[in-house]
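Just so you know, the protein sequences line up as chains A and B, in that order. Each residue of the first sequence is one higher than the last, beginning at 171 in the numbering used here. Each residue of the second sequence is one higher than the last, beginning at 384 in the numbering used here.
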Amino acid sequence: MSLLTSVPPAVASALPPLPRNLTFDPDDWAIIAGYWYPVAMSSEVTEGPLGATLLDVPLVVYRFEGQVVVADNLCTHRGMMLSLGEDQKDGKGIKCPYHGLRFAAEGRCISIPAHPDGKIPERMHLRSYGAVEKYGLVWTCLASRPGDEPVIPPVPHWDDEGFQQINCPWIDIEAFAGRQVEGFLDVAHFAFVHDKSFADSSNPIVPDYSPQVTEDGFETEYWSSMGNVPIGVEADIPDGFQWLRHFRLHVPFTASLVVHFPDGGRLSMMNAASPMSAKRTRLFDARCRNFGTDGPLQDVYDFNRQVFEEDRAMVEAQKPENLPLDPKLEVHIPADKSSIAYRRALRGIGLSAFFSA
Amino acid sequence: MSDHETIEVVVHGMTRSSDRSLMIELRPSAQNAVLPAFEAGAHIDVHLGSLVRQYSLLGSDDETDRYWIGVLREEDGRGGSAAVHDALRVGDRVRISAPRNTFPLDASAGHSVLLAGGIGLTPLVAMAERLHREGASFELHAYSPSEETLPLRDHLASRPWASRVRLHYSGTGDSLRAGAPEPITSPQPGAVLYVCGPPGFIDAAVAYAASAGWPEEAVRTERFVLAEPVELSGAAFSVIAASTGQVMGVGEDETIAEVLERNGFQVFLSCEQGICGSCITDVLDGIPDHRDEVQSPAEHASNTLINICCSRSRTPTLTLDI
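In structure tokens form, the structure reads like this:
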């Protein structure tokens with residue numbers, strides 16, 4: 171029987187070997203490793219080494235001549251964590267803290283201090299990946315090579331005139347990315363989880379909505395009377411205003427939400443859940459808005475932190491820790507149409523029914 | 384009172400208002416009790432057994448001793464309107480929510496244009512009532528396939544503001560798709576437009592208004608509806624288990640899943656309303672009456688799969704791969 175959406179899995183032609191201490195089912199890992207994820211904010215990447223983890227693979231992120239490099243966080247010589255090295259601030263690449271080897275563009279080794287005139291073995295270069303800066307984030311894909319064309323889902327309105335671009339600081343969540351993304355798509359929890367940040371606890375009812383399958387997931391428009399203004403903030407919202415939330419899901423773990431405010435106001439948010447492992451997620455944010463653009467950014471960061479901490483408390487407590495893709499494994503209500511569509515889209519790219527350990 | 388709480392009311396009267404619509408008067412079940420005040424455009428939840436339906440309040444918003452709702456019988460609906468028409472009777476007690484208003488009226492506008500598609504008429508009737516009482520300028524345009532299908536036909540004709548009503552029958556070519564009425568295409572300064580109806584009707588009206596130059600804030604719509612629970616009942620038929628040849632009757636108010644479970648077959652249910660796909664079963668012979676939202680139109684048309692929690696059969700027998 172075929173109930174799968176026809177989402178083509180990304181080409182996973184050149185995957186690295188399976189990581190040590192793999193927390194995913196190997197077949198699931200091979201599928202999701204074919205997609206692009208953020209691993210850092212552009213603003214935190216310097217010429218010094220920054221450690222990151224994607225799908226159980228330890229990575230090092232740095233700049234060389236302005237270009238971002240993403241490579242294995244493992245010195246090919248004696249297996250040292252390169253992210254332990256200090257920023258040399260000399261424009262000559264990152265430096266292994268153990269024997270001082272230097273690595274530059276595309277992770278290539280350019281110096282072995284013990285043998286300044288010796289040959290640099292071909293195998294001394296780091297395994298490196300495609301690395302692209304977009305929406306204020308550094309994106310990579312474990313199946314890519316430097317220079318590969320990225321596939322990065324859009325942040326609606328990001329480049330539109332009059333929109334202010336913001337990256338709220340990332341948040342680490344001790345939970346699986348799929349659970350977090352599903353929480354972002356969930357419209358029935360506002361009245362219960364977010365009543366201290368923006369929601370009306372007396373308005374739990376979820377009006378009907380209809381997710382539509384797209385090439386790489388689904389989208390849905392959700393109309394309701396649930397407001398989207400921080401509690402305690404004065405806002406001129408007409409009586410009975412109906413809020414439109416336009417959700418878009420891009421398999422496997424990126425979603426966006428455009429909230430339509432009165433008078434043409436738009437708040438567009440990308441929720442990019444980067445799976446460090448099957449049990450740990452670094453949630454990156456890229457958002458833009460065309461109102462209140464002169465307000466203090468710290469207020470935006472603080473409000474976002476409050477909302478996502480409320481979600482984090484829920485997501486980290488869910489059992490099982492993975493996302494059961496077989497519909498028989500949990501019970502569904504009409505408010506869950508997005509969740510059902512999400513799980514179906516994940517099944518559609520071939521992930522196992524009990525994704526993922 | 385929180386919105387989670389309900390109020391018990393008694394069905395005090397029911398009036399047939401057109402071939403397919405009923406006007407229902409609800410009064411508090413306790414003597415001398417009053418109902419919460421409401422604003423024109425508000426709706427209530429009505430609990431009908433396990434079903435919950437939203438109905439707009441029709442009457443005058445200065446009446447707190449009774450509510451009026453209008454219920455159109457929708458043959459292809461999912462059971463709420465049928466439950467009201469077939470089962471609800473004068474004297475029955477039902478539970479309702481307090482009124483909520485997501486479609487408020489600005490009675491101070493210079494002129495109000497009320498545009499109704501089908502049963503979307505109901506909140507606009509309460510608005511007309513209020514505008515009439517205020518002596519405000521307004522007109523109500525009601526669209527319906529024909530005079531027979533027009534909800535609340537007799538009620539409209541009986542109102543003191545009946546002269547403000549314009550009826551449009553798409554069966555005779557006067558549909559919104561064919562063109563918008565003049566008050567929309569030539570907006571008066573200071574006027575407000577209220578639109579209620581099916582999503583496509585609202586989209587069309589909003590598009591006409593935008594191209595005619597209506598300011599965005601002067602166009603008010605009620606866009607959302609609650610999910611209608613799936614209608615589970617229907618004509619009786621039989622299912623045949625391909626593995627054993629066993630023939631099992633499925634009664635009018637039974638589901639295939641219930642019958643299979645009773646006969647010892649293992650059934651995997653989750654949502655029990657055709658949205659999740661847990662119970663999908665292969666069909667070997669017969670044509671299902673699909674009632675789920677899981678399968679795509681192409682899958683429905685192939686008639687090879689059935690959601691046994693909710694779907695039924697168009698053929699006297701249905702052979703399943705069980």
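Ideal Cβ positions, reconstructed from N, Cα and C, are used throughout, including at glycine. Note that this is a predicted model, so its numbers are computed, not measured.
Rounded to whole angstroms, how far is the Cβ of Ala515 (chain A) from the Cβ of Gly387 (chain A), which I believe are closer than 8 Å? Contact holds; Cβ gap of about 5 Å.
Considering only C-alpha positions, which residue in the set B:Thr627, B:Val473, B:Pro506 is nearest to Arg483 (chain B)? Per the Cα distances, B:Pro506.
Just reading off the alpha helix (DSSP H) that Val477 (chain A) is part of, what are its end residues? 467-485
Whole-angstrom distance between Ile663 (chain B) and Ile691 (chain B), CA atom to CA atom: So the alpha carbons of these two residues sit roughly 6 Å apart.
Cβ pair Val575 (chain B), Ser495 (chain B) closer than 7 Å: yes
Host beta strand (DSSP E) of Asp537 (chain B) (start-end): Taken as a continuous stretch (DSSP letters only), Asp537 (chain B) belongs to no beta strand (DSSP E), being part of the alpha helix (DSSP H) at 536-541.
Verify the CB distance criterion: does Arg674 (chain B) have a CB-CB separation below 7 Å to chain A? no
List, in order along the chain, the chain A residues whose C-beta lies closer than 9 Å to that of Gln649 (chain B)? Those within 9 Å of Gln649 (chain B) in chain A number zero; the least Cβ separation is about 11 Å.
Please confirm whether Phe486 (chain B) has its beta-carbon closer than 7 Å to some beta-carbon of chain A. yes
Within chain B, partners of His359 (chain A) - CB distance below 7 Å: By Cβ distance, chain B contributes nothing, its closest Cβ being about 16 Å from His359 (chain A), past 7 Å.
Could you say if the region 201-215 of chain A and the region 507-521 of chain A meet the contact criterion of at least three C-beta pairs nearer than 8 Å? yes
Is Val454 (chain B) helix, strand or coil by DSSP? strand
Within 10 Å of its beta-carbon, does Ala111 (chain A) have 16 or more other beta-carbons around it, so buried, or fewer, so exposed? Past the boundaries of the shown model lies residue 111 (chain A); chain A is included only from 171 to 527, so the question cannot be answered.
For a contact meaning CB atoms closer than 8 Å, what does Glu500 (chain A) contact in chain B? Ser653
Would Phe333 (chain A) and Pro400 (chain A) be called neighbours here (beta carbons separated by less than 7 Å)? no
Hey, which unbroken runs of the beta strand (DSSP E) at 3 residues or more fall wholly within the region 373-454 of chain A? Fully enclosed beta strand (DSSP E) runs of no fewer than 3 residues occupy 382-384, 387-394, 413-420, 424-430, 436-447 of the region 373-454 of chain A, in order along the chain.
In the DSSP output, what is Glu344 (chain A) paired with across the bridge? For Glu344 (chain A), which the question treats as bridged, DSSP gives no partner whatsoever.
Take Gly503 (chain B) and list the residues in its own chain whose beta-carbon comes closer than 6 Å to its own, dropping the five residues that flank it on each side. Cys579, Gly580
Of the choices A:Ala456, A:Pro320, A:Asp378, whose alpha-carbon is the least far from that of Ser213 (chain A)? A:Ala456
Going along the chain, which residues of the region 505-522 of chain A sit with their C-beta nearer than 7 Å to a C-beta in chain B? Lys507, Ile510
Please report the residue range of the beta strand (DSSP E) in which Trp309 (chain A) lies. Taken as a continuous stretch (DSSP letters only), the beta strand (DSSP E) holding Trp309 (chain A) covers 307-311.
Which residue wins for smallest C-alpha separation from Gln409 (chain A), given the options A:Ala345, A:Pro291, A:Gly397, A:Met439? Checking the sequence shown, residue 409 (chain A) turns out to be Asp, not Gln. Distances from the alpha-carbon of Asp409 (chain A) to those of A:Ala345, A:Pro291, A:Gly397, A:Met439 put A:Gly397 closest.
Return yes when at least one heavy atom of the ligand ADP lies under 6 Å from the C-beta of Ala284 (chain A), else no. With respect to small molecules bound, the structure shown includes none, and the ligand ADP cannot be examined in it.
Tell me, please, whether the CB atom of Cys659 (chain B) is closer than 7 Å to any CB atom in chain A? yes
Supposed close pair Gly218 (chain A), Pro228 (chain A) - CB separation, criterion 8 Å: Not a contact, Cβ separation roughly 16 Å.
Any idea what DSSP makes of Asp668 (chain B), helix, strand or coil? In this structure, Asp668 (chain B) counts as strand in the three-state DSSP scheme.
Looking at Gly554 (chain B) and Pro528 (chain B), is the spacing between their C-beta atoms short of 7 Å? yes
Between the alpha carbons of Pro374 (chain A) and Asp506 (chain A), how many angstroms are there, rounded? In this structure, the straight-line span from the alpha carbon of Pro374 (chain A) to that of Asp506 (chain A) is close to 14 Å.
Less than 7 Å separating the beta-carbons of Val239 (chain A) and Glu303 (chain A)? Against a cut-off of 7 Å, the Cβ pair of Glu303 (chain A) and Val239 (chain A) comes out as no contact.
What are the residues of the region 407-421 of chain A that lie near chain B, defined by any Cβ-Cβ distance shorter than 7 Å? Asp409, Gly410, Gln412
CB contact below 7 Å: Pro381 (chain A) versus chain B: no
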